[in-house]
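**Student:** Sequences listed follow chains U and S, in order. Sequential numbering of the first sequence, starting at -16, is according to my numbering. Sequential numbering of the second sequence, starting at -16, is according to my numbering. From the three backbone atoms N, C-alpha and C, an ideal C-beta is built for every residue, glycine too. Encoded as structure tokens, here's the structure I'll be asking about.
2 protein chains.
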Amino acid sequence: MGKVIVVGIGPGNYENMTIRADRALQSCDVIIGYSVYVDLVQEQYPGKEYYTTPMTQEAKRCQMALDFAEQGKTAAVVCSGDSGIYGMAALIYELRGECAVPEIEVIPGLTAACSGAAVLGAPLTHDFAVISLSDRLTSWETIEKRLESAAEADLSIVLYNPASHSRPDHLRRACDILLRHLPEDRLCGVVRNIGRDGESKSLMNLRELRTASVDMFCTVFIGNAMTKKILQNMVTPRGYRNV
Amino acid sequence: MGKVIVVGIGPGNYENMTIRADRALQSCDVIIGYSVYVDLVQEQYPGKEYYTTPMTQEAKRCQMALDFAEQGKTAAVVCSGDSGIYGMAALIYELRGECAVPEIEVIPGLTAACSGAAVLGAPLTHDFAVISLSDRLTSWETIEKRLESAAEADLSIVLYNPASHSRPDHLRRACDILLRHLPEDRLCGVVRNIGRDGESKSLMNLRELRTASVDMFCTVFIGNAMTKKILQNMVTPRGYRNV
């Protein structure tokens, strides 16, 4: 019997992968993933069988991995960022069900909250919430409630999937909700293409974020009440300085 | 002029470090950190100058790194988990202030939300909040408000610093707050010593979590309404299966 490994490859560049993820991809037989993520690793790991499926065929992709493992192979499912956070690990456990084989190993990776924050400076020093603006699998009412709650509790907020072709106005709608609770001048940051060619960052306030140009390659950070700009960096203190 | 690198070393084992963090520690001159974290890396990187400071001397530790950088050295400040999330990156930016030198580079690492989740299965597939129960630098009222808000919004919750010698009852108090909004049978998980000798995990419900034995080496996960136990794993679906 083979096994399925679910590998978080981090933001996309080799250096931001963990040593464990690198070793796992070196030693596996088959690598399966969404085509964009497979493109990120294919050059680094030659001699593997590669399989890609389009964006909306997550279950098919994970079932393929389980089938390869049943055939005795070590099948890696690659996820951008972490393997769990908005990743495929849960789906693979669900599809395997109450059977203990094939073995599943979950290998964590740097999620965009960590890798994007490091590009901006240190916006997540303290408590924070991670919320996806994609309503493909979640109702907009649920997303709205989570944004409200996070703002009320002065959590820093990281927004994943802030926009796509089919939902170009989600970030504006999210900002309108946040502006019910947060001041217009709340410091925000946008990071695009973290760890990839053309990586960029920009700082702005929440009013400006409302009309900012974002796409599916962006991660958005909204500061808490203490967050401040130091030179071109977004920095959330935690109070160590006053100890 | 040297530089300061703030390095997230992940949970503590070499394999869960990123390739970038490993290369940075190989090439730096000085490694500074809380003694427990320095112990984790000292063997792997011989021939460096090492400096440790106790738990409560964060500002002193970061100022040392800036001073070494002024003297032309590359000084690494090591943080367990990520370099930003409850880490030292913000403090270093604060201490440097409005001066652009010495250069600061923030190298992200696996935070316990990612590395601990992978041990439990996949509890963080969807939106979540990260909240520390330490009231050393934050008022308990703020922590309480954040717990309430996260529970009301059906966010999965990760609790950092669930207990220490000086605050043995914080987890019980946090559970009492959560139980105002969440059912007693909500699935929870505790991971101890992630990626280190003696790593362990246990699943329980929220009522049982209230009296669970935890210490400062534990990270606690509280599921959302969809979270379920599959074999011995904590799994939060996101709905891919129904697409």
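In whole angstroms, give me the CA-to-CA distance for A157/S and L93/U.
**Tutor:** 28 angstroms
**Student:** May I ask you to report which of helix, strand or coil DSSP gives L142/S?
**Tutor:** strand
**Student:** Run through DSSP, which three-state label would M187/S get?
**Tutor:** strand
**Student:** Assuming I75/U and I90/U form a contact by the criterion Cβ under 8 angstroms, report the distance between their Cβ atoms to the nearest whole angstrom.
**Tutor:** Their Cβ separation, rounded to whole angstroms, is 12 angstroms, which puts I75/U and I90/U out of contact at 8 angstroms.
**Student:** Identify the contact partners of D198/S in chain U, using a Cβ-Cβ distance below 9 angstroms as the criterion.
**Tutor:** The contacting residues do not exist; D198/S stays about 21 angstroms from chain U at best.
**Student:** Tell me which residue opens and which closes the alpha helix (DSSP H) that S18/U is part of.
**Tutor:** S18 to V24
**Student:** I'd like the list of long-range same chain contacts for N188/S, defined as Cβ closer than 8 angstroms, with 5 residues on each side in sequence excluded.
**Tutor:** Taken in chain order, the residues that qualify are E167, D168, R169, L170 and C171.
**Student:** May I have a chain-ordered list of the beta strand (DSSP E) segments no shorter than 3 residues that lie completely inside the segment 103 to 161 of chain U?
**Tutor:** 111 to 115 and 139 to 143
**Student:** Are the Cβ atoms of L186/U and M217/U separated by less than 7 angstroms?
**Tutor:** Between L186/U and M217/U, the C-beta spacing is below 7 angstroms.
**Student:** From G206/S to T108/S, what distance separates their C-alpha atoms?
**Tutor:** 10 angstroms
**Student:** Looking at the secondary structure, which residues open and close the beta strand (DSSP E) in which F204/U lies?
**Tutor:** C201 to I205
**Student:** Are the CB atoms of G(-15)/U and K56/U nearer to each other than 7 angstroms?
**Tutor:** yes
**Student:** Excluding the 5 residues preceding and the 5 following V203/S in the sequence, name in chain order all residues of the same chain whose CB lies nearer than 6 angstroms to its CB.
**Tutor:** L142, P145 and V173
**Student:** By how many angstroms is the C-alpha of Q54/U removed from the C-alpha of R79/U?
**Tutor:** 15 angstroms
**Student:** Is it the case that the Cβ atoms of V61/U and Y20/U are separated by a distance below 7 angstroms?
**Tutor:** Yes, they are a contact pair.
**Student:** Report, in whole angstroms, the separation of the C-beta atoms of V13/S and A72/S, which I expect to be a contact under 8 angstroms.
**Tutor:** That belief does not hold up - the Cβ atoms of V13/S and A72/S are roughly 17 angstroms apart, past 8 angstroms.
**Student:** Residues in the segment 210 to 221 of chain S with C-beta within 7 angstroms of chain U's C-beta atoms, listed in sequence order?
**Tutor:** When C-beta distances to chain U are compared with 7 angstroms, the residues of the segment 210 to 221 of chain S below that value are I213, L214, N216, V218, T219, P220 and R221, in chain order.
**Student:** What separation, rounded to the nearest whole angstrom, lies between the Cα atoms of Y28/U and Q9/U?
**Tutor:** 6 angstroms
**Student:** Expressed to the nearest angstrom, what Euclidean distance is found between the alpha-carbon atoms of A195/S and R6/S?
**Tutor:** 39 angstroms
**Student:** Return the chain-ordered list of same chain residues with a C-beta closer than 6 angstroms to the C-beta of R3/S, the five sequence neighbours on each side being excluded.
**Tutor:** I90
**Student:** Are the beta-carbon atoms of L154/S and G222/U separated by less than 7 angstroms?
**Tutor:** no
**Student:** Could you check where the alpha helix (DSSP H) with C45/S kicks off and where it finishes?
**Tutor:** E41 to E53
**Student:** According to DSSP, is I75/U part of a helix, a strand, or is it coil?
**Tutor:** helix
**Student:** Just to confirm before moving on: does the CB-CB distance between A112/U and I140/U stay below 7 angstroms?
**Tutor:** One thing to note: A112/U has its Cβ within 7 angstroms of the Cβ of I140/U.
**Student:** Relative to the C-alpha of D50/U, which residue among K184/U, R175/U and V84/U is closest?
**Tutor:** V84/U
**Student:** List the endpoints of the continuous alpha helix (DSSP H) containing I2/S.
**Tutor:** I2 to S10
**Student:** Near Q46/U, which residues of its chain fall below 7 angstroms by C-beta distance, leaving aside the five closest residues on each side in sequence?
**Tutor:** L78
**Student:** Give the interface partners of E26/U over in chain S, defined as CB-CB distance under 9 angstroms, in chain order.
**Tutor:** Those within 9 angstroms of E26/U in chain S number zero; the least Cβ separation is about 15 angstroms.
**Student:** Output yes if chain U places a C-beta closer than 7 angstroms to the C-beta of A48/S; else output no.
**Tutor:** no
**Student:** Hey, would you say I37/U sits closer than 7 angstroms to G178/U, going by beta carbons?
**Tutor:** Note that residue 37/U is Pro in the sequence shown, not Ile. No, the pair does not count as a contact, with Cβ atoms beyond the cut-off.
**Student:** Which residues share a DSSP beta bridge with N(-4)/U?
**Tutor:** Bridge partners of N(-4)/U: none, in fact.
**Student:** Between L23/S and R190/U, what straight-line distance do the alpha-carbon atoms span, to the nearest angstrom?
**Tutor:** 44 angstroms
**Student:** Report the rounded CA-to-CA distance for I213/U versus L103/U, giving the unit in angstroms.
**Tutor:** 11 angstroms
**Student:** Where does L170/S fall in DSSP's three states?
**Tutor:** The answer is strand: DSSP assigns L170/S an E or B state.
**Student:** For M0/S, return the contacting residues in chain U, with the cut-off set at a CB-CB distance below 9 angstroms.
**Tutor:** T1, I2 and R3
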